[in-house]
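Just so we're aligned, residue 1 is where the sequence shown starts under the working numbering, counting upward by one.
C-beta atoms are modelled at their ideal positions from N, C-alpha and C, and glycine is treated no differently.
Here is the structure we will look at.
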Amino acid sequence: MQGYKQPKQGIAYYCCRTISEKTKKDSIKELPKDSQEYVYCEQRVNSLKNILVCLYGSTGSLWNRYGNVLAFEEINKLSREVLIKTKDIVQRLGYELVYADTDSVFIKRKSSATDYNELIDILSKETGLCISVDYHYKFLVLLPLEADENIEVLKHYFGITFDNELVVRGIEIRRHDVPAFIKRFQTQLLHALFDCKDSSEILKKGYENALLLVTQAIDTKMIREGLDDKDLVISKMLRQDIQKYRSLFPHVSAAIQSRKYPLKGETIQYVYTDSKHNNPLRRVTPIENLASLPQYDMEKYREMILDAAETVLGFFGFDRTAYSDIKKGRRKRWYEEIREQRARDIETERI
């Protein structure tokens, strides 16, 4: 469940009002996604959300001519009070508060849609905000903090709704500096993992199907023949002028190789060609030089696949070393061990 999205609800109602008579509780989700009205409403929602985020971020800033630290503190105070009040309400009504961040709460209880609607009515009356159920999750994984596994990272989670819609935050699919084929792979991986009836089936069937997909994805032949240059492109913005960088990061190296002089704020697009080269300027190639590209670094992109897999499957005990070679001989992969174990079981039954 997600709430506290007053701008979204208000704008959704404003946009829909010109289409037909609707009440305040009607939302943008009632419109067909391929309709012009949906696109119009979504654009207005995103525009106002970005404006509000920028205004909030600059409220107490020294560079804001009208900035006021007291106003910034008051916004945080009111938000904190609403969040604490919401926590108390949902717990009083018998719901389990699973997770909460700046603008949403995640609750859990075996309830029907009617029960959630009743909760929404109570929260709206007591907080004075327009609140809605954004997602009804079938499965949800909150990623742990690296420093403490008992604490969840803010806005780092992935899940799937009962309508089979993936909802992800803070992982590769949402990042701009990740190649297109990595995003496709991680999307397929999530669907393979969540294609189950319950959580116990995920730990067995779902996880095994996901491991099989990882095995297929890192196959050298598939990486070499199944991708084109566009699938490999990485995009990253220059946060400052090139001469101010003290290290040759990949996107900085690509910017230096560019035929034009890129400026601060421009997006640099490049491909890994030899990530372990001693010269940083030889590790990547900007896309404008792709016509002369001899080959790309398959091992680097293979590692990126494993990174994306580890993000999703690390919670379930994924071991990426099972997909690599070691000096004293190649380590058996999980599917080879399973095949050998099944062969031994069959032989035992025959005896």
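**Asked** Three or more beta-carbon pairs under 8 Å between the stretch 167-178 and the stretch 228-235, yes or no?
**Response** yes
**Prompt:** With contact counted as at least three CB pairs below 8 Å, one residue from each stretch, are the stretch 312-325 and the stretch 201-212 in contact?
**Reply:** Because the criterion of three Cβ pairs below 8 Å is met, the stretch 312-325 and the stretch 201-212 touch.
**Asked** Is DSSP giving Val98 helix, strand or coil here?
**Response** Taking the sequence shown and counting its residues from 1, one reaches residue 98 at position 98. The answer is strand: DSSP assigns Val98 an E or B state.
**Uninterrupted beta strand (DSSP E) stretches inside the stretch 122-178 (no shorter than 3 residues)** = 137-144, 152-161, 166-169
**Prompt:** If you pair each beta-carbon of the stretch 86-100 with each one of the stretch 48-55, do three or more pairs fall below 8 Å?
**Reply:** They do not touch, by the three-pair rule.
**Message:** Give me the residue from Ile107, Thr102, Asp103, Asp101 with the minimum Cα distance to Tyr95.
**Reply:** If you number the sequence shown from 1, residue 95 lands on position 95. Nearest option by C-alpha distance: Ile107.
**Item:** Neighbourhood of Tyr245 by C-beta distance below 6 Å, restricted to the same chain and skipping five residues each side
**Value:** As a working mapping, residue 245 is identified with position 245 in the sequence shown. Cβ neighbours of Tyr245 beyond the five flanking positions: Val252.
**Message:** Classify Arg109: buried if its beta carbon has 16 or more other beta carbons within 10 angstroms, exposed otherwise.
**Reply:** Residue mapping note: residue 109 aligns to position 109 of the sequence shown, counting from 1. Counting other Cβ atoms within 10 Å of its Cβ, Arg109 stays below 16 and is therefore classed as exposed.
**Item:** Ala12 versus Ile122 - alpha carbon distance
**Value:** Residue 12 sits at position 12 when you count from the first residue of the sequence shown. Residue 122 sits at position 122 when you count from the first residue of the sequence shown. Per-residue confidence for Ala12 stands at a pLDDT of 31, beneath the threshold of 50, marking its modelled position as unreliable; no derived number is given.
**Asked** If you run the structure through DSSP and keep just helix, strand and coil, what is Gln269?
**Response** Within the sequence shown, numbered from 1, the residue matching residue 269 stands at position 269. Three-state result, Gln269: strand.
**Asked** With 16 other CB atoms within 10 Å as the buried threshold, where does Glu21 fall?
**Response** By 1-based counting over the sequence shown, the position of residue 21 is 21. At Glu21, the pLDDT of 30 sits below 50, so the modelled position is not reliable and the matter cannot be decided from this model.
**Request:** Measure the alpha-carbon distance for Lys260 versus Gln240 and round it to whole angstroms.
**Result:** Within the sequence shown, the letter at position 260 stands for residue 260. Within the sequence shown, the letter at position 240 stands for residue 240. Whole-angstrom Cα-Cα distance: 16 Å.
**Item:** Backbone secondary structure at Ser235 - three-state DSSP
**Value:** For this step, residue 235 is matched to residue 235 along the sequence shown. Three-state result, Ser235: strand.
**Element boundaries [alpha helix (DSSP H), containing Phe181]** = Stepping through the sequence shown from its first residue, residue 181 is reached at position 181. That run of the alpha helix (DSSP H) goes 180-194.
**Message:** Taking its Cβ as the centre, do 16 or more other Cβ atoms sit within 10 Å of Phe162, making it buried, or is it exposed?
**Reply:** Here residue 162 is taken as the residue at index 162 of the sequence shown, counted from 1. Classification of Phe162: exposed, given that the 10 Å Cβ count is below 16.
**Request:** Go ahead and pull the three-state DSSP assignment for Ile218.
**Result:** Working through the sequence shown from its first residue, we reach residue 218 at position 218. Ile218 falls in the coil class under three-state DSSP.
**Request:** For Asp274, I'd like the list of residues in its chain whose CB is within less than 8 Å of its CB, leaving aside the five on either flank, ordered along the chain.
**Result:** Residue mapping note: residue 274 aligns to position 274 of the sequence shown, counting from 1. Excluding sequence neighbours, Asp274 sits near Arg282, Arg283, Asp297.
**Message:** Strictly by DSSP, which residues pair up with Pro286?
**Reply:** For the purposes of this step, residue 286 is taken as residue 286 along the sequence shown, with counting starting at 1. Tyr270.
**Asked** Where does Phe318 fall in DSSP's three states?
**Response** Position 318 of the sequence shown, counting from 1, holds the residue named residue 318. Phe318: coil per DSSP, three-state reduction.
**Prompt:** Quick one: Cα of Ile173 to Cα of Gln186, how far?
**Reply:** In the sequence shown, the residue the question calls residue 173 occupies position 173. In the sequence shown, the residue the question calls residue 186 occupies position 186. Spanning the two alpha carbons is a distance of roughly 7 Å.
**Message:** Rounding to the nearest angstrom, what Cα-Cα distance links Leu190 and Leu119 in this structure?
**Reply:** In the sequence shown, the residue the question calls residue 190 occupies position 190. In the sequence shown, the residue the question calls residue 119 occupies position 119. Looking at the two C-alpha atoms, the distance is approximately 30 Å.
**Request:** Can you grab the Cα-Cα spacing for the pair Ala308 / Gly170, in whole Å?
**Result:** Here residue 308 refers to the residue found at position 308 of the sequence shown. Here residue 170 refers to the residue found at position 170 of the sequence shown. Inter-residue distance for Ala308 and Gly170 is about 12 Å (C-alpha atoms, whole angstroms).
**Message:** What does the Cβ neighbour count give for Val141, buried or exposed, with the cut at 16 atoms within 10 Å?
**Reply:** Taking the first residue of the sequence shown as 1, we reach residue 141 at position 141. Under this definition Val141 is a buried residue.
**Item:** Through-space distance from Ser58 to Thr321, alpha-carbon basis
**Value:** By one-based count along the sequence shown, residue 321 stands at place 321. By one-based count along the sequence shown, residue 58 stands at place 58. About 45 Å.
**Message:** Between Lys236 and chain B, is the shortest Cβ-Cβ distance under 7 Å, so that the two count as touching?
**Reply:** Included in the structure is just one protein chain, with no chain B present.
**Request:** Could you check what DSSP says for Lys276 in three-state terms: helix, strand or coil?
**Result:** Position 276 of the sequence shown, counted from the first residue, corresponds to residue 276. Looking at Lys276 - three-state DSSP - the assignment turns out to be coil, as it is neither helix nor strand.
**Prompt:** By Cβ distance, which residues of its chain are closer than 6 Å to Leu166, with the 5 residues on each side in sequence left out?
**Reply:** Sequence index remark: in the sequence shown, residue 166 carries index 166 (1-based). Ile160, Leu190, listed in sequence order.
**DSSP three-state assignment for Phe249, whether helix, strand or coil** = One-based indexing of the sequence shown puts residue 249 at position 249. Note: Phe249 maps to coil in three-state DSSP.
**Message:** Nearest by alpha-carbon distance to Thr127: which of Lys138, Val90, Leu97, Tyr135 is it?
**Reply:** On the sequence shown, residue 127 is found 127 positions in, with the first residue counted as 1. Check the Cα spacing between Thr127 and each of Lys138, Val90, Leu97, Tyr135: the tightest is with Val90.
**Prompt:** Between Pro280 and Tyr270, is the Cβ-Cβ spacing less than 7 Å?
**Reply:** For this step, residue 280 is matched to residue 280 along the sequence shown. For this step, residue 270 is matched to residue 270 along the sequence shown. Not a contact, by the Cβ cut-off of 7 Å.
**Prompt:** Where does Gly10 fall in DSSP's three states?
**Reply:** Locating residue 10 in the sequence shown gives position 10, counting from the first residue. A caution first: Gly10 carries a pLDDT of 32, below 50, which makes its placement in the model unreliable, though a value can still be read off. Helix, per DSSP.
**Request:** Note the first and the last residue of the continuous alpha helix (DSSP H) segment covering Ile107.
**Result:** As a first step, residue 107 must be located in the sequence shown, where it is residue number 107. Per DSSP, Ile107 belongs to no alpha helix (DSSP H); it is in the beta strand (DSSP E), 105-108.
**Request:** Could you pull out every residue in the same chain whose Cβ sits closer than 8 Å to the Cβ of Tyr323, ignoring the five residues on either side in sequence?
**Result:** Against the sequence shown, residue 323 aligns to sequence position 323. Within the same chain, Tyr323 has close Cβ partners Val214, Thr215, Ile218, Leu306, Arg333.
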